[in-house]
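A quick write-up on the structure given underneath.
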Amino acid sequence: MATAIPQTIAAPRSPSTDFAGAPPAWLPGMHFAAALAYFACGAAGLVLVAPDLARGAFFVPRVAAVVHLFVLGWLVLSIFGALCQFLPVAIGRQVRWQALAQVSFAAQTAGVAAFVGGLATSHRSVLYLGAGLLTLAFVSFGANLVATLAGAKERSLTFWALAGSSLFLLATPAFGFALAMNLHGDVQLASRFATVAAHAHVALVGFVMLVVVGVAHRLLPMFLLSHGASERPAWISVALLFAGALAIAMPASFGIPRIAAAAALTAGGLVAFFVQAALFFRHRKRRTIDPGMRLAAIGIAGIACALVLAPFALSAGVSNPRLLAAYFVVLVGAIGVFVAGHYFKIVPFIVWYHRFGPLVGKQKVPKVAELYSESAAKVVGALLVFGWIGVAAGTFTGSALVVRAFAGSFLAGALVEGFLMTKIARRRADA
Amino acid sequence: MNETDLHTLSGVFEALSTVIDPEIGLDIVTLGLVYEAKVEDGVADVTFTLTTPGCPMEEAIRGGILNAVGAVDGVREVRPNLVWEPRWHPGMVEGGRL
Chain A
890 MATAIPQTIA
900 APRSPSTDFA
910 GAPPAWLPGM
920 HFAAALAYFA
930 CGAAGLVLVA
940 PDLARGAFFV
950 PRVAAVVHLF
960 VLGWLVLSIF
970 GALCQFLPVA
980 IGRQVRWQAL
990 AQVSFAAQTA
1000 GVAAFVGGLA
1010 TSHRSVLYLG
1020 AGLLTLAFVS
1030 FGANLVATLA
1040 GAKERSLTFW
1050 ALAGSSLFLL
1060 ATPAFGFALA
1070 MNLHGDVQLA
1080 SRFATVAAHA
1090 HVALVGFVML
1100 VVVGVAHRLL
1110 PMFLLSHGAS
1120 ERPAWISVAL
1130 LFAGALAIAM
1140 PASFGIPRIA
1150 AAAALTAGGL
1160 VAFFVQAALF
1170 FRHRKRRTID
1180 PGMRLAAIGI
1190 AGIACALVLA
1200 PFALSAGVSN
1210 PRLLAAYFVV
1220 LVGAIGVFVA
1230 GHYFKIVPFI
1240 VWYHRFGPLV
1250 GKQKVPKVAE
1260 LYSESAAKVV
1270 GALLVFGWIG
1280 VAAGTFTGSA
1290 LVVRAFAGSF
1300 LAGALVEGFL
1310 MTKIARRRAD
1320 A
Chain B
687 MNETDLHTLS
697 GVFEALSTVI
707 DPEIGLDIVT
717 LGLVYEAKVE
727 DGVADVTFTL
737 TTPGCPMEEA
747 IRGGILNAVG
757 AVDGVREVRP
767 NLVWEPRWHP
777 GMVEGGRL
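Quick mapping for you: the protein sequence lines, in order, are chains A and B.
Quick note on the working numbering: the first sequence kicks off at 890 and runs consecutively.
Quick note on the working numbering: the second sequence kicks off at 687 and runs consecutively.
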């Protein structure tokens, strides 16, 4: 890792510390700020579309708008920001072009607003504008990621996971475009379902899960102080998820064998990831698990629940819309909760690194965990998990009241998380 | 090592005990991250490691060593030396304080 810190210093000259290995705080920071705003908007949207969810109206544009607030606004923006921060740690190189990362951020942030606005209002030109901006964001970030990976010295598991994810980052908008073009066209519901399913799973398995597995492979042992765990399951997971996402992305004309292969490979990849995560937790040397890691663990358990539901929901398809909608609530919610947990690790770390890191050895500095209230973090976790499970249960049972009540809990969790992150970002060293 | 350097060395270890790993919350001496420290003619060599390769705290800890040891009386130069062998493991932590 490149560093501007001198190898030796002469006392009593006060040494200057220049943390050149990390990106400037504003780069991940602006991603996280926008992502948290979209997280709250998505949660508010859940309250609004509760009756639609309860009747399993999965294809209603306003439901699709809320789903995209979570996936594109919360998950993807969080991943873009986390990768800007994480790449120096993961592969020893900063993001190749910071200016391009800003372009990706602007296009993604504006694209989500336009795309979701276009969907919710059925304003086609705004929808296409949003889709164009999102494509620009995906392509520019994907190119930046590939260029950064090209300079990596080591071909680690994280390297391969991120390399694979960049391919599917570029493939996802193609499916999205097909859907957008057909939204007002004369397309049968069944084929639209197949395209929606492929689009969603290429995005969630090929991009999001590959990033999750690659990043978790570095972060979980670091945060849990886990030593001695075998890393073979993570390699198996990356290989199977990549192959599974490829199978999902293949043309529908390959028929049942394609679906069977995609399902088996994806399921195998996810199970391998669960085994790896369990090994990391079992080999941890820290007795206590902090609220962030606990939330991440709950998120992983939720992905396992989604895996159990998947065969029933996807085979029933549009004939059981409530089950299908509940499946997507479980899956997207699980990944969302996993990401929400990591905010309690990443944001305090960035603030500590830039504000307190240069003071180590000069004055007493707080621990990273002391930058936020653990009890407040537990409250956030409870509100989010309670809300997420309740929304899924309400969707499955068809109760609009239940969905709306638990969506309120989820909204409260998202708002309090945003408030806590803002508070952490304002922490400064005492003069 | 002369008597002055010996005296300085105890000050160096005391200073290193103020450098914390902020994620774990323990200082780098207690964590067993400091493999060796020596002082010769006012030059302090500190050989240390990190809990995991690619640890994002590298620069903060290296900077902390420079800051803390650089302020010890009798030290005119600090040379932190990061090594990966032997690989750190949790058994190196003093008294099971994790």
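Even for Gly, the Cβ is constructed at its ideal location relative to N, Cα and C.
Predicted, not measured: the structure shown is a model, and the values here were computed from it.
Interface residues of chain B around residue i at Cβ under 9 Å?
i, result
"A/Met1111", "Glu709, Thr737, Thr738, Gly740, Cys741, Pro742"
"A/Val978", "Gly740, Cys741, Pro742"
So, at 7 Å on beta carbons, what are the nonlocal neighbours of residue i in its own chain, with the 5 sequence-adjacent residues on each side left out?
i, result
"B/Pro766", "Val732, Phe734, Arg748, Ile751, Leu752"
"A/Val938", "Arg951, Val952, Val955"
"A/Trp1124", "Leu1046"
"A/Ala1151", "Gly1133, Ala1136, Ile1137"
"B/Leu717", "Asp707, Ile710, Val779"
"A/Thr1010", "none"
"A/Val936", "Arg1293, Ala1296, Gly1297, Leu1300"
Beta-carbon of residue i versus every beta-carbon of chain B: anything under 8 Å?
i, result
"A/Pro901", "Summary for A/Pro901: the model assigns pLDDT 38, below 50, so the residue's position carries little reliability; its value from the coordinates is reported in the next sentence. So yes, A/Pro901 belongs to the interface."
"A/Tyr1242", "yes"
"A/Lys1256", "yes"
"A/Gly981", "yes"
"A/Gly1246", "yes"
"A/Arg1316", "no"
Applying a beta-carbon distance threshold of less than 7 Å, which residues of chain A neighbour residue i?
i, result
"B/Asn753", "Pro904, Val1249, Gly1250, Lys1251"
"B/His775", "His1116"
"B/Thr704", "Gly1250"
Could you tell me whether the Cβ of residue i comes closer than 8 Å to any Cβ of chain A?
i, result
"B/Gly749", "yes"
"B/Ala723", "no"
"B/Val720", "no"
Starting from the beta carbon of residue i, find every residue of chain B whose beta carbon is closer than 7 Å, and list them in chain order.
i, result
"A/Gly970", "The contacting residues do not exist; A/Gly970 stays about 15 Å from chain B at best."
"A/Gly1225", "Those do not exist, as A/Gly1225 stays about 24 Å from chain B at its closest Cβ, beyond 7 Å."
Under 8 Å Cβ to Cβ from residue i, same chain only, skipping five residues before and after it: list those, please.
i, result
"B/Ile706", "Leu712, Asp713, Ile714, Gly750"
"A/Val1218", "Leu942, Trp1277, Val1280, Ala1281, Thr1284"
"A/His1088", "Thr1061, Phe1064, Gly1065, Ala1067, Leu1068"
"A/Pro1255", "Trp1241, Phe1245"
"A/Gly1287", "Ala943, Arg944, Gly945, Arg1211"
Got a sec? Which residues, its chain only, sit under 6 Å from residue i by beta carbon, not counting five neighbours each side?
i, result
"B/Thr704", "Ala754"
"A/Gly1307", "Leu925, Ala929"
"A/Val1015", "Ala1003, Gly1006, Gly1007"
"A/Gly1019", "Gly1000, Ala1003, Phe1004, Gly1007"
"A/Phe1162", "Val1102, Ser1126"
"A/Ser967", "Ala924, Val1228"
Just to check, is the beta-carbon of residue i closer than 7 Å to a non-hydrogen atom of the ligand NAD?
i, result
"A/Gly1021", "Absence of the ligand NAD from the depicted structure is noted, as is the absence of any ligand whatsoever, leaving it without description."
Open item on the list: Using 8 Å as the cut-off, can you tell me whether the region 1262 to 1269 of chain A makes contact with the region 935 to 951 of chain A, which would need three or more C-beta pairs spanning the two stretches below that distance?
Closed with: no
Task: Inside the region 1225 to 1302 of chain A only - alpha helix (DSSP H) runs reaching at least 4 residues - done: 1263 to 1286
Open item on the list: I'd like to know if the region 1221 to 1239 of chain A and the region 1271 to 1279 of chain A are in contact, where contact means that at least 3 CB-CB pairs between them fall below 8 Å.
Closed with: yes
Open item on the list: If the cut-off is 8 Å on Cβ atoms, which residues from the region 1165 to 1183 of chain A count as contacting chain D, listed in chain order?
Closed with: Judged by its chain identifiers, the structure shown contains no chain D, and its protein chains are A and B.
Task: Touch test, the region 1130 to 1139 of chain A against the region 1182 to 1189 of chain A, Cβ-Cβ under 8 Å, three pairs minimum - done: no
- [ ] Could you tell me whether the region 1052 to 1069 of chain A touches the region 1112 to 1122 of chain A, using the rule of 3 or more Cβ pairs below 8 Å?
- [x] no
Open item on the list: For the region 1019 to 1039 of chain A against the region 987 to 995 of chain A, do three or more pairs of beta-carbon atoms, one drawn from each stretch, fall closer than 8 Å, so that the two count as touching?
Closed with: yes
- [ ] May I have a chain-ordered list of the alpha helix (DSSP H) segments no shorter than 4 residues that lie completely inside the region 932 to 1013 of chain A?
- [x] 939 to 943, 950 to 957, 966 to 980, 987 to 1010
Open item on the list: Three or more C-beta pairs under 8 Å: does that hold for the region 1034 to 1049 of chain A against the region 980 to 987 of chain A?
Closed with: yes
Task: Segment contact, 8 Å Cβ cut-off, at least three pairs: the region 1234 to 1249 of chain A with the region 1147 to 1162 of chain A - done: no
Task: Those runs of the alpha helix (DSSP H) which lie wholly inside the region 1157 to 1236 of chain A and span at least 4 residues - done: 1180 to 1205
TODO: Write down every uninterrupted run of the beta strand (DSSP E) in the region 699 to 744 of chain B whose length is 3 residues or greater and which is fully enclosed by it, in chain order.
DONE: 720 to 726, 729 to 734
- [ ] Any chance you could list the alpha helix (DSSP H) runs of at least 4 consecutive residues sitting entirely within the region 1040 to 1073 of chain A, in chain order?
- [x] 1046 to 1071
Task: Start-end ranges of the alpha helix (DSSP H) lying completely within the region 1092 to 1156 of chain A, minimum 4 residues - done: 1099 to 1113, 1121 to 1138
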